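Every number in the numbering used here is 43 more than the matching position in the sequence shown, counting from 1. Virtual Cβ for every residue (Gly too), placed ideally from N, Cα, C. Predicted, not measured: the structure shown is a model, and the values here were computed from it. Here the structure comes first, spelled out in structure tokens, and everything after it is commentary.
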Amino acid sequence: MLESETKPLLPAELKILTEKEALVTLHEGRYHQVRRMFAALGNHVLDLKRISIGGLNIPADLPEGHWRILTDEESSLLFHS
Numbered sequence: 044m045l046e047s048e049t050k051p052l053l054p055a056e057l058k059i060l061t062e063k064e065a066l067v068t069l070h071e072g073r074y075h076q077v078r079r080m081f082a083a084l085g086n087h088v089l090d091l092k093r094i095s096i097g098g099l100n101i102p103a104d105l106p107e108g109h110w111r112i113l114t115d116e117e118s119s120l121l122f123h124s
């Protein structure tokens, strides 16, 4: 359990990609959860990149800080994954 939390988190999945990169899959998120998990093990997170939300994959060609309107199908993936 993370420091200052009173309710346990759902389990996260971790896949080590390289010495300095990992893929973390969360099923619920809390404030700075990933940064706090890595800090608890003495590591510092330099950058985070969200690649999906629910069943919706974020397009790789969508520039950082930009957005677009979701199709009806994408909206259903977001809320019914």
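Member of Ile-94, Ser-118 and Glu-116 whose CA lies at the smallest distance from the CA of Glu-107 = For the purposes of this step, residue 107 is taken as residue 64 along the sequence shown, with counting starting at 1. It is Ile-94 whose Cα lies nearest to the Cα of Glu-107.
Cβ distance (whole Å) where Glu-71 is taken to contact Leu-52 below 8 angstroms = Here residue 71 refers to the residue found at position 28 of the sequence shown. Here residue 52 refers to the residue found at position 9 of the sequence shown. Yes, Glu-71 and Leu-52 are in contact; Cβ-Cβ is about 6 angstroms, under 8 angstroms.
Out of curiosity, what's the CA-to-CA distance linking Asp-104 and Arg-111?
-> Looking up residue 104 in the sequence shown gives position 61. Looking up residue 111 in the sequence shown gives position 68. A straight-line Cα-Cα distance of about 12 angstroms links Asp-104 and Arg-111.
CA nearest to the CA of Ile-96, picked from Val-67, Ala-82, Thr-49 and Thr-61 | For the purposes of this step, residue 96 is taken as the residue at position 53 of the sequence shown. Here the closest residue by C-alpha is Val-67.
So what's Val-77 in DSSP terms, helix, strand or just coil?
-> Here residue 77 refers to the residue found at position 34 of the sequence shown. Helix at Val-77.
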